[in-house]
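I have placed the structure first, in the form of structure tokens, so that the comments after it can refer back to it.
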Ligand code: HEM
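Numbering (the numbering used here), first residue to last: 16 to 492.
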């Protein structure tokens, strides 16, 4: 595919690493920073760090078996700036940034709901009760988050600790405050990444049309227009009725919005629930497979004979009733896999999440805090992350209502599919919002095992834009 010479995709080396090509690595840390309204300090810090930020080309490709992927001491760095951070650096950016509503108002902001009533982002996303921002450790009440740094290294723990200390010291030297340092670590089982509930993770990922990475995308990864992930590139076609996306100023081209969420997982509670929901002749693992839509080893229920190579190559087309993969299963809720019906191509994200805390061992529950830092890159927080969370995962009548509109299932009687068991609240917490539907939601289609304990909406500018933002010259708009 020919890429227009003026498309940011023509210069992928100027796009920050971890967006097009994942950092991976055994260890990652997220440094959450406040500029304390000190423009000079913030610019000094950014000028100091800009040369160390990793571009796409600096992310090491997959290594040959048995060979390390990272060079000794190699550290990868990505920097995201929030709306408040960008305005401290360059107040003249405010006018244009305000058009990016979710980004501008942030994870705690005031918003209008679909009916035009005043609400807040936490209320829209279900960050209430246990997930109330009052309890967050990242981005809650307190000083505004202005920047978030992603630091990644290979298996060398000392090199990782040194890299984290180096960045903490660089921030402090410029007068910035480190609000939180979140250490994360990849866990593996049978040579694949796993998260704390015990499932293989990091399987399904869109590929980016026009970005020819060294690593071919596995079968079943749809090639999505680069404009869904990189600002300034051509995006997927959107329904004409949808709100037009803002026209970005020049300095935003080649950048990507970043949604970061710290999600604590109650893995012990999860497995107690799986035991409780066991039907006759069923194991807890069978229940766990139904609520995820994949077995613990990653095999999809929709393709039980899949191999590791083709386990992402399937749809739910022949299973509208959810006999094979329940309609509430996490992977079906967040990716219904039928663009004709759900237009899922315009709701994709590049997911770069990573666990924190020691891997949960079902045989030795220990009460420790653990979870995932969900980290994703996209170009519309509203249409991608928030849409999936609100309109799909937390909507008890999704996907049935849409399937019925397209004649894939009868419209009457209306069905209640349930909530995403990973992302939604428990029955007590969800009842008021669901009204009558609360009684119709199947028991496995409630959650309550994941608590939001932090959120940041950031923007990861291109490498040249980082230098511009660190400088004194006025930016275009
Ligand atoms: C503690 C929180 C979470 C856990 C434990 C979790 C777990 C998983 C697992 C095990 C998979 C299947 C493996 C894979 O395809 O990579 C998956 C897929 C996925 N998750 Fe989550 N997830 C969490 C949060 C989220 C959030 C917050 C979102 C977005 C709103 C999300 C969106 C997705 C998407 C889009 C997929 C790919 C589905 C597909 O294409 O089949 N997840 N998740």
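Beta carbons: idealized from backbone N, C-alpha and C, even for Gly.
As the structure is a prediction and not an experimental result, all values here were calculated from the model.
Asked: Same chain only: Cβ atoms within 7 angstroms of residue 405, ignoring 5 sequence neighbours per side; Found: 139 and 140
Asked: Distance between beta carbons of residue 371 and residue 385, contact taken as under 8 angstroms; Found: 6 angstroms
Asked: Pair within 8 angstroms by beta-carbon distance, residue 148 and residue 49; Found: no
Asked: According to DSSP, residues forming a beta bridge with residue 330; Found: Residue 330 pairs with nothing; no bridge assigned.
Asked: CA-to-CA distance, residue 465 to residue 369, given in whole angstroms; Found: 15 angstroms
Asked: Any non-hydrogen atom of the ligand HEM closer than 7 angstroms to residue 214 Cβ; Found: yes
Asked: Minimum C-alpha distance to residue 247 - residue among 448, 295, 30 and 311; Found: 30
Asked: Segment contact, 8 angstroms Cβ cut-off, at least three pairs: the stretch 326 to 340 with the stretch 233 to 242; Found: yes
Asked: Length of the line joining the Cα atoms of residue 224 and residue 381; Found: 44 angstroms
Asked: Heavy atom of the ligand HEM within 7 angstroms of residue 210 beta-carbon; Found: yes
Asked: Assigned exposure category for residue 454 - 16 Cβ within 10 Å defines buried; Found: exposed
Asked: Per-residue DSSP class, three states only, for residue 101; Found: helix
Asked: CB contact flag (residue 348, residue 407, <8 angstroms); Found: yes
Asked: Residue 393 and residue 271 closer than 8 angstroms at C-beta; Found: yes
Asked: Closer than 7 angstroms: residue 219 CB and nearest the ligand HEM heavy atom; Found: yes
Asked: Residue nearest to residue 226 in terms of C-alpha spacing, selected from 424, 488, 433 and 35; Found: 35
Asked: With 16 other Cβ atoms within 10 Å as the buried cut-off, status of residue 267; Found: buried
Asked: Three-state secondary structure (DSSP) of residue 357; Found: helix
Asked: Residue range of the alpha helix (DSSP H) that includes residue 284; Found: 282 to 291
Asked: Limits of the unbroken beta strand (DSSP E) element including residue 388; Found: 386 to 393
Asked: 7 angstroms Cβ shell around residue 125 - same chain, five flanking residues per side excluded; Found: 133 and 135
Asked: Inter-residue CB distance, residue 397 and residue 116 (contact presumed, cutoff 8 angstroms); Found: 7 angstroms
Asked: Straight-line gap, residue 311 to residue 300 (C-alpha atoms, nearest Å); Found: 7 angstroms
Asked: Option nearest residue 198 by Cα separation, candidates 180, 185 and 55; Found: 180
Asked: Beta strand (DSSP E) runs wholly inside the stretch 141 to 207, at least 3 long, in chain order; Found: 162 to 168, 192 to 200 and 202 to 204
Asked: Near the ligand FAD: residue 26 beta-carbon under 7 angstroms from a heavy atom; Found: For the structure depicted, the ligand FAD is absent and the ligand set comprises only the ligand HEM.
Asked: Test item: CB-CB of residue 42 and residue 175 under 8 angstroms; Found: yes
Asked: Helix, strand or coil at residue 297 according to DSSP, with G and I counted as helix; Found: coil
Asked: Close Cβ partners of residue 170 (< 6 angstroms) along its chain, the five nearest in sequence each way excluded; Found: 41
Asked: Start and end residues, beta strand (DSSP E) containing residue 91; Found: 90 to 96
Asked: Other residues of its chain near residue 423: CB distance less than 6 angstroms, five sequence neighbours each side excluded; Found: 335
Asked: Inter-residue spacing [alpha-carbon to alpha-carbon] between residue 443 and residue 190; Found: 45 angstroms
Asked: Nearest-angstrom Cα separation, counted from residue 185 out to residue 63; Found: 8 angstroms
Asked: C-beta atoms of residue 409 and residue 438 nearer than 8 angstroms; Found: yes
Asked: Pick from 278, 153 and 111 that is closest to residue 47, judged by C-alpha positions; Found: 153
Asked: Per-residue burial, residue 102 [other beta carbons within 10 Å of its own, 16 or more giving buried]; Found: buried
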